[in-house]
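Protein sequences, first through last, are from chains A and B.
The opening position of the first sequence corresponds to residue 3 in this note's numbering, with each subsequent residue numbered one higher.
The opening position of the second sequence corresponds to residue 6 in this note's numbering, with each subsequent residue numbered one higher.
Cβ atoms here follow ideal geometry from the backbone N, Cα and C, with glycine treated the same way.
None of the values given here were measured: they were computed from a predicted structure.
Written out below as C-alpha cells is the structure these notes cover.
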Amino acid sequence: MMLEFKDVDYTYHTLSGETTALKGLTFGIERGQFVSVIGPSGCGKTTILSLAAGLLQPTGGTIEREGCDCGYMLQRDALFPWRTVEQNIYLPLEIRGEKSAEAKGKAVALAEKYGLKDFLGKKPKELSGGMRQRVALIRTLAAGAELLLLDEPFSALDYQTRLEVCDDVQAIIKNEHKTALLVTHDISEAIALSDKVIVLSARPAKVVAEHDITFGDGTPKSRRNSGQFAHTFEILRDELGI
Amino acid sequence: MKNVHQYSAGHIAFLKGVRRKKIIIWSARLGLLVALIGLWELCAQLELIDPFVTSSPSRVVATIGELYATGNLFYHIGITLMETLIGFFAAVILGYAIAVALWLSDGARKIFEPYIVVLNALPKIALGPLIIIWMGTGYTAIIFMTIIVSIIVCIMNTLTGFLQVDGTMLTLMRALGANKRQTLTKLVIPASLPQLMNTLKVAVGLAWIGSIMGEYIVSRAGLGYLIVYGGQVFRLDLVMTATIILCALAGAMYAVVALIERIVTK
Chain A
3 MMLEFKDVDY TYHTLSGETT ALKGLTFGIE RGQFVSVIGP SGCGKTTILS
53 LAAGLLQPTG GTIEREGCDC GYMLQRDALF PWRTVEQNIY LPLEIRGEKS
103 AEAKGKAVAL AEKYGLKDFL GKKPKELSGG MRQRVALIRT LAAGAELLLL
153 DEPFSALDYQ TRLEVCDDVQ AIIKNEHKTA LLVTHDISEA IALSDKVIVL
203 SARPAKVVAE HDITFGDGTP KSRRNSGQFA HTFEILRDEL GI
Chain B
6 MKNVHQYSAG HIAFLKGVRR KKIIIWSARL GLLVALIGLW ELCAQLELID
56 PFVTSSPSRV VATIGELYAT GNLFYHIGIT LMETLIGFFA AVILGYAIAV
106 ALWLSDGARK IFEPYIVVLN ALPKIALGPL IIIWMGTGYT AIIFMTIIVS
156 IIVCIMNTLT GFLQVDGTML TLMRALGANK RQTLTKLVIP ASLPQLMNTL
206 KVAVGLAWIG SIMGEYIVSR AGLGYLIVYG GQVFRLDLVM TATIILCALA
256 GAMYAVVALI ERIVTK
C-alpha cells in the first residue's frame, strides 16, 4: 500500500465548538493507482489530503505512508508571479536544499519532455490557465514526489480548458508511474480519471462505497465515450444522495 | 519591440492618439504652473496684493540669490535633507525589521498590537518637549522626531503586506516542508514587494513632516528653521522661498521612489 488510512478520526477545534470532520475513515491506495475521493461539499475532503500530506495529525487511528515524498497540487496553481517557469519548478528543490546541477537538470528535462521547453524563461502570467496547471504539476513531479495529492486542481479552470488539462495531467501522472489521490466534487471527472472512486458520506465523513473503474483503455476520453460512463455516474450520484 | 511597419494603419492611429493625450496632459500641467506663477507675479506687480505679505516670484528668486550669495542656501537645504534622509532610511529599515519580527511570531504580534495602534494615533508633536529634554537641541532630536513620525506607519504597512500573502501559496510552502525562514525569504518578502514600494512612498511624505516639525520645535538651521525664523521677523519672502524649495525637494524624493518602484516591480 502506498497510503493507508486505518480508522482515522479528525476533529477541528474552534472557539464556537468542535467539529468531527472524519470518523473511522478507512481506505487504501496501491502504488501506481489513481484514486478519487468524492463527497458532498464540506465533508472533509481537503482534510483528508492535509492528513495524507502530514500537515495535520489524526485525532484517532493511524495513517501509513510508504515513503514520505508527497506533492500537493492545489485548486489554484500557486505559481510565484515574480519567478520564471524554470525558477518556479526549482522551488521545491531549493526548499529541500538541493542545489546540485543533476537535480536541476532532471527537473528541466521533465519540463522539456512535457512541452514546456519554450516557456521556461517566461513568467506565469504569460501562460494560459491550462499551461500554468501543467507547470504546477511539473513543479510537483520535479520534487521527486511519488504520491500526488490533488485538491480539485481543475476547478478554477473554464470548462474547455478543464477537459484538456484533466486529460493532460492524468496522462503525465500515468506516464511517470506516480500514485495519485484526487479529491473532487465532480462525479464525471472522478470516473474519467480514476482507477478507483471512493464515495464519502456527509460530515463526519465515512466511506459509503468504493468502485474499481475498469472500463475503457484508461484514458479519460475512452471513459467518457464508454456506454458504462452514464451508468456509473448514476450509481455514484445515488450514493451521494443527490 | 515590434517594428512600426508591421502595425496596421488603425494601430498607428491608436498609438498616435495615446501620445497626443499624453502631450496634452503634460502641457496642461506645465501651463497651470506657469499661469499660477505668472498670475502671482502680475498681482504683486500691479499691487493688487501686498507683496510684503504674499511675496512674489521675483522676490523669491531674489531671496534664493541672496541665500546663495551668502553661502546659506545649500547649508540649510543640506541640513534638512540630511535629517530627512537619515530619518527616512532609519524608519524604513527599522520598521521593516520590526515587521519581520512581528510576522515571525504570532504571539509578539498580538501582544504589541494595541501599543502600535496607540502610538499610531498619538500626535507625535506632543512628544516635542520630551524629545528636547532627552536628546538636546541638535540634529539628533530632529532625526528622532522624523523616525517616530514615520516608523509606525512603516511597520503597519509592511506587516499588512506580509499578512496579505496568498493563502494557497502559503499552503504550498507548508506542503513542501518549508520552514519559517524559507517562507519569509522565498515567498513573503518577494510577494510583498509592491506593498513595500507603497510604504516607501508614504514614508517620504511622513519623513518630511517629521523633519520640518522637528525643526519647528527646536533648530538652529534648516528649511523649517528658515520658515519659523522668517515668520518671526516678518520676512515672508524667506518663508515662501523655503516652502517652495521644500516642495521641489519633496517632489524630487517622491520621483526617485516612484522610479525605483518602476524598476523593481517591472
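Beta carbon of residue i: closer than 6 Å to some heavy atom of the ligand FAD?
| i | result |
| --- | --- |
| A:Glu178 | For the ligand FAD, the structure offers nothing, since it holds no ligand at all. |
Helix, strand or coil for residue i, going by three-state DSSP, please let me know.
| i | result |
| --- | --- |
| B:Met6 | Note that B:Met6 scores a pLDDT of 49, beneath 50, so its modelled location is shaky; the value from the coordinates is reported in the next line. In this structure, B:Met6 counts as coil in the three-state DSSP scheme. |
| A:Asp240 | helix |
| B:Leu53 | coil |
| B:Phe93 | helix |
| B:Val223 | coil |
| A:Asp169 | helix |
| A:Asp11 | strand |
| B:Thr75 | coil |
| B:Val2 | There is no way to answer for residue 2 of chain B, as the model of chain B reaches only from 6 to 271. |
| B:Arg267 | helix |
| B:Met258 | helix |
| A:Ala23 | strand |
| B:Thr176 | helix |
| A:Arg98 | coil |
| B:Arg186 | helix |
| A:Thr221 | coil |
| A:Pro155 | coil |
| A:Lys108 | helix |
| B:Gly15 | helix |
| B:Asp111 | helix |
| A:Ala80 | coil |
| B:Leu127 | coil |
| A:Thr86 | coil |
| A:Lys125 | coil |
Who does residue i pair with in a DSSP beta bridge?
| i | result |
| --- | --- |
| A:Arg67 | A:Leu5 |
| B:Met245 | The partner list for B:Met245 (beta bridge, DSSP) is empty, contrary to what the question assumes. |
| A:Leu149 | A:Cys72 and A:Thr181 |
| A:Ile31 | A:Leu5 |
| A:Thr49 | Paired residue(s): none; A:Thr49 is not in a bridge. |
| B:Leu201 | Its beta-bridge partners do not exist; DSSP assigns none. |
| A:Gly62 | A:Asp11 |
| A:Lys198 | A:Val37 and A:Asp214 |
| A:Thr186 | A:Ile40 |
| A:Val209 | A:Leu202 |
| A:Thr16 | A:Gly19 |
Determine the contact status of residue i and residue j, defining contact as a CB-CB distance below 7 Å.
| i | j | result |
| --- | --- | --- |
| A:Val87 | A:Val137 | yes |
| A:Glu20 | A:Thr13 | yes |
| B:Thr151 | B:Ser224 | no |
| A:Thr22 | A:Pro155 | no |
| B:Met178 | B:Thr165 | no |
| B:Thr270 | B:Pro195 | no |
| A:Arg239 | A:Phe231 | no |
| B:Val65 | B:Met258 | no |
| A:Gly46 | A:Asp9 | no |
| B:Ala96 | B:Cys159 | yes |
| A:Leu76 | A:Asn90 | no |
| B:Trp108 | B:Phe149 | no |
| B:Asn125 | B:Ile157 | yes |
| B:His81 | B:Leu231 | yes |
| B:Ile54 | B:Cys48 | yes |
| A:Thr163 | A:Gly132 | yes |
| B:Val122 | B:Ile214 | no |
| A:Ile189 | A:Phe217 | no |
| B:Thr89 | B:Ala263 | no |
| A:Asp71 | A:Glu148 | yes |
| A:Thr186 | A:Met4 | no |
With 8 Å as the C-beta to C-beta threshold (strictly closer), list the residues of the stretch 149-181 of chain B near chain A in chain order. Going along the stretch 149-181 of chain B in chain order, one finds Asp171, Thr173, Met174, Thr176, Leu177, Met178, Arg179, Ala180 and Leu181 with a Cβ nearer than 8 Å to chain A.
Check each residue of the stretch 186-212 of chain B: if its Cβ is closer than 8 Å to any Cβ of chain A, include it; give the result in chain order. Cβ contacts with chain A: Gln187, Lys191, Leu192, Pro195, Ala196 and Leu198.
Got a sec: which bits of the stretch 85-101 of chain A sit with their beta carbon under 9 Å from any beta carbon on chain B, in order along the chain? Those would be Arg85, Leu93, Pro94, Glu96, Ile97 and Arg98, in chain order.
Does the stretch 208-217 of chain A come into contact with the stretch 92-110 of chain A, if we say contact requires no fewer than three beta-carbon pairs (one atom in each stretch) closer than 8 Å? The stretch 92-110 of chain A and the stretch 208-217 of chain A do not touch, with fewer than three beta-carbon pairs separated by less than 8 Å.
Inspect the CB distances between the stretch 190-202 of chain A and the stretch 39-49 of chain A and report whether three or more fall short of 8 Å. Three or more Cβ pairs closer than 8 Å define a contact, and the stretch 190-202 of chain A meets that threshold against the stretch 39-49 of chain A.
Residues in the stretch 39-63 of chain A with C-beta within 7 Å of chain B's C-beta atoms, listed in sequence order? Here the close residues are Ala55 and Leu57.
Is there contact here, the stretch 233-253 of chain B with the stretch 52-71 of chain B, by at least three beta-carbon pairs under 8 Å? Yes, they touch.
Do the stretch 140-160 of chain A and the stretch 48-58 of chain A make contact, defined as three or more Cβ pairs closer than 8 Å? Touching, yes, given that three or more Cβ pairs across the two stretches are closer than 8 Å.
Do the stretch 221-241 of chain B and the stretch 74-87 of chain B make contact, defined as three or more Cβ pairs closer than 8 Å? With the cut-off at 8 Å, the stretch 221-241 of chain B and the stretch 74-87 of chain B touch.
Taking 8 Å as the threshold, find out whether the stretch 102-120 of chain A comes into contact with the stretch 141-148 of chain A through three or more Cβ pairs. Touching, yes.
Counting only Cβ-Cβ distances shorter than 7 Å, please list the residues of the stretch 24-44 of chain B near chain A, keeping chain order. Look at the stretch 24-44 of chain B: it has no residue with a C-beta under 7 Å from a C-beta of chain A.
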